[in-house]
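Chains as they are written, first to last, in the numbering used here: chain A, -12 to 311; chain B, 3 to 63.
What follows is the structure, encoded as C-alpha cells:
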C-alpha cells in the first residue's frame, strides 16, 4: 500500500483510520451531524403547567393518560438497554459511520427515558419501580375475540431475543450471520416498534393534550422526542436497505419479523385504547402509512394482507385492562 | 437549487407534494398531513424519501 507520493504504508496502520470523504458526505454521517446540532436538554422543559393540569383532571382521565405514558416510560428504558447489540454488530461489519451515528442514538434513548422519568416524578409523583408498575397495562388482557391473532410483547420479548442472537453473531464474526441478525433486530426495533407500532401512540398523546387543552410540557417533550425518532427509524431502515441491496434474500427476514408479531399491528392494543374520546379509526389509517413508509425506505414490497387486516374494521381487540 | 417531491402513503391518498427545496418540502408535507389527515410526518422520513422533481410538475396532485 502506498500514499499519493509513492511512500510505502503499513496496512495495519492505515486500518486504524476510518474517516473517508465519501463517509463524511454520506447519509449516516449527515444524521450524526443533525443529532449533534439538535441536542436538547430535559431540564430545559417547564412542567409547571403540567403539574397544575394533573391536579384538575379527573381520576378516569389520569388513569387513561398514565396507561400510555407509563408504557413509554418502560419502553424508552427498554430500548436504551437493548441497543448495544446493534453497536457491536456495526463495529463487526466495519461500519464506522453507523457506530458514529449510534453514539447519538443511544444518548437520545437514555434522554427520552430521562424525560418520562422526570415527567412522572414531578407531575404525577411516581418514580420508584413499585410506584409506576401498578399503572402498567397488562398485555395478556388484550384479546382477539375471533381467536385469529395473538397479541405479544414485541418490545420486552422480541428485542432481547433478537439482540442476544445479534450479539452472538457479532462475537462469532460470520459476516452473513451478522448481516441477517442486524436485519432481524433492526426490523423489530426501528421498523416494527419505533416505526409502526409506537407512532399512533405518539399521536394519541398529542391529540389528548390538544383535546384536553392541557400538558404543554408533555406535548413539547413528545415533539422533541419525535424529532430524534425520525433519525432512529430512518437509520435502521437505511441500514436494512443497504444490506438487502447486497443480499436480496434478507427481505424475507423483515417480513418474518412483522409476521411473528402481526397481532400487535392489526388492532389497537391495550394502552392505545386507554384514553376515552379519541377517533381510533384515524390511528389505524396512519399505521398503514407508517408501515408503507418503512417498506419504501427499506426498498421492500409491503405485505398487502397485513395492510388489509390493519384497515379491517371487523378486527377489533377487546381490551380487558387490569393495571399492575 | 433543485425542486423536490414526496409521495404521501396514507391509505387512500397517494398525493405527490412538490416544493422548491428540502426545507420548503418539509413544511409543505406537514401542511398536507395536518390538513388532509389530521396528522404529521417525521422530518427525516420526508427528507430521506424525497426525490428530485420532474420538469413542470404541479404543486400538489
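The C-beta atom is built at its ideal place from N, Cα and C for all residues, glycine as well.
**Asked** Do the stretch 200 to 209 of chain A and the stretch 236 to 252 of chain A meet, that is, are 3 or more Cβ pairs less than 8 Å apart?
**Response** no
**Asked** Which word fits residue -6 of chain A, buried or exposed, when buried means at least 16 other C-beta atoms lie within 10 angstroms of its C-beta?
**Response** Residue mapping note: residue -6 of chain A aligns to position 7 of the first chain, counting from 1. Under this definition residue -6 of chain A is an exposed residue.
**Request:** Flag this pair as yes or no: are the beta carbons of residue 146 of chain A and residue 168 of chain A separated by less than 8 Å?
**Result:** The count along the first chain starts at 1 and reaches residue 146 of chain A at position 159. The count along the first chain starts at 1 and reaches residue 168 of chain A at position 181. No, Cβ-Cβ distance for residue 146 of chain A and residue 168 of chain A is not below 8 Å.
**Message:** Which residues of the stretch 276 to 287 of chain A have a Cβ closer than 7 Å to any Cβ of chain B? Give them in chain order.
**Reply:** 276, 279, 280, 283 and 284
**Message:** On the DSSP letters alone, give me the boundaries of the alpha helix (DSSP H) that residue 44 of chain A sits inside.
**Reply:** The residue labelled residue 44 of chain A in the question sits at position 57 within the first chain. Premise fails: residue 44 of chain A is in no alpha helix (DSSP H) and is neither H nor E.
**Request:** Could you check what DSSP says for residue 124 of chain A in three-state terms: helix, strand or coil?
**Result:** The residue given as residue 124 of chain A occupies position 137 in the first chain. Correct three-state label for residue 124 of chain A: strand.
**Message:** Are the CB atoms of residue 51 of chain A and residue 262 of chain A within a distance shorter than 8 Å?
**Reply:** Here residue 262 of chain A corresponds to residue number 275 of the first chain, with the count starting at 1. Here residue 51 of chain A corresponds to residue number 64 of the first chain, with the count starting at 1. Against a cut-off of 8 Å, the Cβ pair of residue 51 of chain A and residue 262 of chain A comes out as a contact.
**Message:** Does the CB of residue 320 of chain A have a neighbour CB from chain B at under 8 Å?
**Reply:** Within the shown structure, residues of chain A are numbered from -12 to 311, placing residue 320 of chain A beyond reach of any answer.
**Request:** Kindly indicate if chain A contains any beta-carbon less than 8 Å away from that of residue 21 of chain B.
**Result:** Position 19 of the second chain, counted from the start, is the residue given in the question as residue 21 of chain B. With 8 Å as the cut-off, residue 21 of chain B does not count as an interface residue toward chain A.
**Message:** According to DSSP, simplified to helix, strand and coil, what is residue -4 of chain A?
**Reply:** One-based indexing of the first chain puts residue -4 of chain A at position 9. Residue state, collapsed to three classes: coil.
**Message:** Can you find the residues in the same chain that come closer than 6 Å, C-beta to C-beta, to residue 22 of chain B, ignoring five residues on each side of it along the sequence?
**Reply:** Sequence index remark: in the second chain, residue 22 of chain B carries index 20 (1-based). Result list for residue 22 of chain B: 5, in chain order.
**Item:** Helix, strand or coil at residue 220 of chain A according to DSSP, with G and I counted as helix
**Value:** Sequence index remark: in the first chain, residue 220 of chain A carries index 233 (1-based). Reduced to three states, the DSSP call for residue 220 of chain A is helix.
**Prompt:** How would you call residue 2 of chain A, buried or exposed, if buried means at least 16 neighbouring beta carbons within 10 angstroms?
**Reply:** Start at 1 with the first residue of the first chain, and residue 2 of chain A comes out as number 15. Flag for residue 2 of chain A reads exposed.
**Item:** Chain-ordered neighbours of residue 27 of chain B on chain A, where CB pairs are closer than 8 Å
**Value:** One-based indexing of the second chain puts residue 27 of chain B at position 25. None at all; the shortest Cβ gap to chain A is about 14 Å.
**Prompt:** Do you know offhand how far residue 110 of chain A's Cα is from residue 36 of chain A's?
**Reply:** For the purposes of this step, residue 110 of chain A is identified with residue 123 of the first chain, where counting begins at 1. For the purposes of this step, residue 36 of chain A is identified with residue 49 of the first chain, where counting begins at 1. Rounded to the nearest angstrom, the two C-alpha atoms are 9 Å apart.
**Beta-ladder partner(s) of residue 6 of chain B, from DSSP** = In the second chain, the residue the question calls residue 6 of chain B occupies position 4. Note: residue 6 of chain B sits in a beta bridge opposite B:21 and B:54.
**Request:** Report yes if the CB atom of residue 141 of chain A is closer than 8 Å to the CB atom of residue 80 of chain A, and no otherwise.
**Result:** Residue 141 of chain A sits at position 154 when you count from the first residue of the first chain. Residue 80 of chain A sits at position 93 when you count from the first residue of the first chain. Not closer than 8 Å, so no.
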